[in-house]
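Please read the structure below before turning to the comments.
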Amino acid sequence: MTAQHSNHTHSARDPRCLEVFARLSEYLDGELDETDCRLIEEHIEGCEPCVEFLRSLRRSIEASHHYAAKVEPGRIPPELEERLKQAWQAALARRRSA
Amino acid sequence: MEWARRLLAGDASAFTPFVESIQHRVFQYTWLMCGQREDAEEVAQETLLKVFENFDQLQDPERVRAWVFRIAKNFCLMKRRRSVFAPERELSLDELLPGTEDMPRSTQLEDRGELPDERLLRAELGQQLERALRELPETYRSVVLLRDVEGLSTAETAEILDLSIDAVKQRLHRGRLALRKSLARYLGGNGEGKQP
Ligand SMILES: [Zn+2]
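Line by line, the protein sequences are chains A and B. Per this note's numbering, the first sequence starts with residue 12, numbered consecutively. Per this note's numbering, the second sequence starts with residue 1222, numbered consecutively.
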């Protein structure tokens, strides 16, 4: 089956590709069982559009992993920092006496 | 999280790194959910206060990130009326498939025997990512932010957003596909994979 469509012209509507597209996130996240995983890999190996799609999807997910906002939060105001410390200490005291 | 464990043990040297890390993460999440700098500052501060006020309720330091983000999400929701980025709507798998918008460009480049400059693409991708994230409808954006930007697990994300595991997976997948589509021009068409 793999060989049969290794040279097929790209159609995003090919039902075999559609099935793969629907499960790519689970595939990339390692959430598929071995059988499903192998089925997807067997299809992708012979299918250029799926290879390309997987590559671009993976790349865009990696971009999200590395996202860092260009704006940064300002410093915590000293009064708030003081309140946070007091709340922390009070919580610890409650925890000890519980 | 190591700092949370140390704070629970009363270690004062963990205080500042813990506060800065939470502030940073929550600020970034809110910045992408609400879009206003002041909102992001406020949500980060409100979250920190609530976290410390309830710190004795944190049973397992391993779960601190999910706990913090659950608090942050609720503060963030209160600001939602101000979010104007993306209309709320369902994304169908069908509209997220590779279409004509991404493929032609890579073919074009290939035809001329040119490869897009990797560094240029990378820089542009970074700039476009924030726009693309914000254009995601909120239901998808919150899942993508927690899973892919913050690196939380599917189970943690489900807990934070009150969703089932399946709903998280479905929204994550559609959100990712929408991002991919929106960023397609900046992802490089034929860098590694050779076209036949
Ligand atoms: Zn395919």
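For glycine and all other residues, C-beta sits at the position ideal for the given N, C-alpha and C.
Rounded distance between the beta-carbons of residue j and residue i, thought under 8 Å
i: Asp1369 (chain B); j: Ile72 (chain A); result: 6 Å
i: Leu1404 (chain B); j: Leu1350 (chain B); result: 7 Å
i: Ala1265 (chain B); j: Pro84 (chain A); result: 6 Å
i: Ile1381 (chain B); j: Lys1300 (chain B); result: Ile1381 (chain B) to Lys1300 (chain B), Cβ: 17 Å. No contact.
Minimum Cβ-Cβ distance from residue i to chain B less than 8 Å
i: Arg49 (chain A); result: no
i: Ile55 (chain A); result: no
i: Leu91 (chain A); result: yes
Spatial neighbours of residue i in its chain, beta-carbon cut-off 6 Å, leaving aside the 5 residues before and after
i: Trp1252 (chain B); result: Ala1261
i: Tyr1407 (chain B); result: Leu1342, Glu1345, Leu1346, Gln1349
Per-residue contacts from residue i into chain A (C-beta, under 7 Å)
i: Leu1389 (chain B); result: Per the sequence shown, the amino acid found at residue 1389 (chain B) is Val instead of Leu. Residues of chain A passing the Cβ test: none, with the nearest at roughly 10 Å.
i: Glu1262 (chain B); result: Pro84, Gly85
i: Leu1346 (chain B); result: Ala74
Residue-chain proximity (residue i, chain A), Cβ-Cβ < 8 Å
i: Gly1256 (chain B); result: no
i: Asp1369 (chain B); result: yes
i: Leu1350 (chain B); result: yes
i: Ser1363 (chain B); result: no
i: Trp1224 (chain B); result: no
i: Trp1288 (chain B); result: no
i: Pro1319 (chain B); result: yes
i: Arg1401 (chain B); result: yes
i: Phe1248 (chain B); result: yes
i: Arg1397 (chain B); result: yes
i: Phe1296 (chain B); result: no
i: Leu1357 (chain B); result: no
i: Ala1379 (chain B); result: no
i: Ala1265 (chain B); result: yes
i: Leu1408 (chain B); result: yes
i: Leu1382 (chain B); result: no
9 Å Cβ cut-off: residues of chain A touching residue i
i: Gln1244 (chain B); result: Pro84, Ile87
i: Leu1435 (chain B); result: No answer is possible for residue 1435 (chain B): it lies beyond the span of chain B, which begins at 1222 and ends at 1417.
i: Gln1280 (chain B); result: The premise fails here: Gln1280 (chain B) is roughly 10 Å from chain A at the closest Cβ pair, so nothing lies under 9 Å.
i: Leu1312 (chain B); result: Residues of chain A passing the Cβ test: none, with the nearest at roughly 13 Å.
i: Leu1393 (chain B); result: Ser36, Asp40
Same chain, Cβ closer than 8 Å to residue i, five either side skipped, listed in chain order
i: Val1289 (chain B); result: Ile1243, Arg1246, Val1247, Thr1268, Val1272
i: Val1285 (chain B); result: Met1222, Ala1225, Leu1279
i: Thr1375 (chain B); result: Arg1368, Ile1386, Val1389, Lys1390, Leu1393
Proximal residues of chain B, C-beta to C-beta of residue i below 7 Å
i: Leu95 (chain A); result: Val1240, Leu1269, Leu1270, Phe1273
Contacts of residue i in chain A (Cβ-Cβ under 8 Å)
i: Asp1277 (chain B); result: Ala102, Leu103, Arg105, Arg106, Ala109
i: Leu1373 (chain B); result: Per Cβ cutoff of 8 Å: no residues; Leu1373 (chain B) is ~12 Å from chain A at best.
7 Å CB neighbourhood of residue i in its chain, flanking five on each side removed
i: Thr1378 (chain B); result: Val1364, Leu1367, Arg1368, Val1389
>> To be precise: take each residue of the segment 24 to 40 of chain A, compare its Cβ to all Cβ atoms of chain C, and keep it if any distance is under 9 Å. Which residues remain?
In response: Here the protein chains are A and B, and chain C is not one of them.
> Taking any heavy atom of ligand 2 as the mark, which residues have a C-beta closer than 5 Å to it, listed down the chain?
Replying inline: Ligand 2 is not among the ligands present in this structure, which contains only ligand 1.
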